[in-house]
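Peer 1:
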Amino acid sequence: MDLYSGHINKLIEELAALPGIGNKSAQRLAFHLINMPKDRVQRLASSILEAKENVRYCKECFTLTDRDICPVCANQNRNHGLIMVVENTRDLAAYEKTGRYEGVYHVLHGAISPMLGIGPGDIKLKELVERLQGEVEEVIIATNSSLEGETTAMYISKMIKPTGIRVTRIASGVPVGGDLEYIDEVTLLRALEGRVEL
Ligand code: ZN
Numbered sequence: 000m001d002l003y004s005g006h007i008n009k010l011i012e013e014l015a016a017l018p019g020i021g022n023k024s025a026q027r028l029a030f031h032l033i034n035m036p037k038d039r040v041q042r043l044a045s046s047i048l049e050a051k052e053n054v055r056y057c058k059e060c061f062t063l064t065d066r067d068i069c070p071v072c073a074n075q076n077r078n079h080g081l082i083m084v085v086e087n088t089r090d091l092a093a094y095e096k097t098g099r100y101e102g103v104y105h106v107l108h109g110a111i112s113p114m115l116g117i118g119p120g121d122i123k124l125k126e127l128v129e130r131l132q133g134e135v136e137e138v139i140i141a142t143n144s145s146l147e148g149e150t151t152a153m154y155i156s157k158m159i160k161p162t163g164i165r166v167t168r169i170a171s172g173v174p175v176g177g178d179l180e181y182i183d184e185v186t187l188l189r190a191l192e193g194r195v196e197l
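To convert, note that position 194 of the sequence shown is 193 in numbering that gives the first Met the number 0; the numbers rise steadily by one, no gaps.
As structure tokens, this is what we get:
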């Protein structure tokens with residue numbers, strides 16, 4: 000028996016398909032949305048659409064941005080020979096918040112996970128290799144310390160080693176399994192400063 004109207008069910012279904020939102024939260028959000036004033040719902044709906052239509056990958060580092068080249072890559076004062084590899088744009092934002100990193104980034108948009116069937120071809124690794132044709136002094140691997148993050152770090156290190164470019168891994172001040180985005184700035188900086196050669 001359908002407890003709710005078809006429209007509500009559809010809304011709950013769409014919300015429940017989002018990451019981190021279970022069925023209960025989806026129901027709560029759906030009813031919250033329906034009780035919201037119509038103009039606020041419209042603002043929310045249009046900001047989702049506008050973000051979807053205008054946000055794209057930076058042509059250099061592949062972070063999500065409104066422009067062809069993101070503000071970090073466009074900044075000539077940054078060291079473009081120093082590339083920090085992160086799993087996603089949220090991790091980039093975490094390091095940017097420290098205000099102390101002077102290099103640029105490369106956003107993989109995921110990590111290698113044989114369990115989930117995510118291989119090297121499914122993340123932005125080919126694009127990283129292409130960037131190494133330029134003048135790169137060091138690649139800092141700052142993937143998470145989860146199994147997937149470590150697997151990815153190992154893969155990248157093996158891939159870059161033959162080029163002679165220096166490869167480092169952020170120190171393990173970052174707790175095992177910890178997502179970079181939840182770690183405080185001091186720990187992030189310590190991890191960066193204590194990075195080790197691979
Ligand atoms: Zn960029």
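Beta carbons are placed, not taken as given, at the ideal position from N, Cα and C, and that holds for glycine.
Flag this pair as touching only if the region 142-160 and the region 112-132 have three or more C-beta atom pairs under 8 Å; answer yes or no.
Peer 2: Short answer: they touch.
Peer 1: Am I right that V138 and I82 are in contact with their C-beta atoms under 8 Å? What's the rounded C-beta distance?
Peer 2: Against the sequence shown, residue 138 aligns to sequence position 139. Against the sequence shown, residue 82 aligns to sequence position 83. Yes, they are in contact, since the Cβ atoms of V138 and I82 sit about 5 Å apart, within 8 Å.
Peer 1: With a threshold of 16 other CB atoms inside 10 Å of the CB of D183, please say whether the residue is buried or exposed.
Peer 2: The residue labelled residue 183 in the question sits at position 184 within the sequence shown. Exposed.
Peer 1: Locate the alpha helix (DSSP H) running through H108, then write down its first and last residues.
Peer 2: Indexing the sequence shown from 1 puts residue 108 at position 109. Segment: none, H108 is in no alpha helix (DSSP H) and carries neither H nor E.
Peer 1: Assuming R77 and V71 form a contact by the criterion Cβ under 8 Å, report the distance between their Cβ atoms to the nearest whole angstrom.
Peer 2: Locating residue 77 in the sequence shown gives position 78, where the first residue counts as 1. Locating residue 71 in the sequence shown gives position 72, where the first residue counts as 1. About 6 Å; that satisfies the 8 Å criterion.
Peer 1: On the premise that L107 lies in contact with I122, defined as a C-beta separation below 8 Å, what is that separation, rounded to the nearest angstrom?
Peer 2: Along the sequence shown, one-based indexing puts residue 122 at 123. Along the sequence shown, one-based indexing puts residue 107 at 108. About 4 Å separates the two Cβ atoms, so the contact holds.
Peer 1: Spatial neighbours of D67 within its chain, please: C-beta separation below 6 Å, excluding the five flanking residues on both sides.
Peer 2: Here residue 67 refers to the residue found at position 68 of the sequence shown. These residues qualify, in order along the chain: K58.
Peer 1: Should I47 be labelled buried (16 or more other beta-carbon atoms within 10 Å of its own) or exposed?
Peer 2: Here the question's residue 47 lines up with position 48 in the sequence shown. Burial call: exposed.
Peer 1: What does the Cβ neighbour count give for L91, buried or exposed, with the cut at 16 atoms within 10 Å?
Peer 2: Within the sequence shown, the letter at position 92 stands for residue 91. Buried, because 16 or more other Cβ atoms sit within 10 Å of the Cβ of L91.
Peer 1: Output the distance between the C-alpha atoms of M0 and N34, rounded to the nearest integer angstrom.
Peer 2: Position 1 of the sequence shown, counted from the start, is the residue given in the question as residue 0. Position 35 of the sequence shown, counted from the start, is the residue given in the question as residue 34. Residue confidence is low: M0 scores 49 on pLDDT, short of 50, so the model does not pin down where it sits. No coordinate-derived value is stated.
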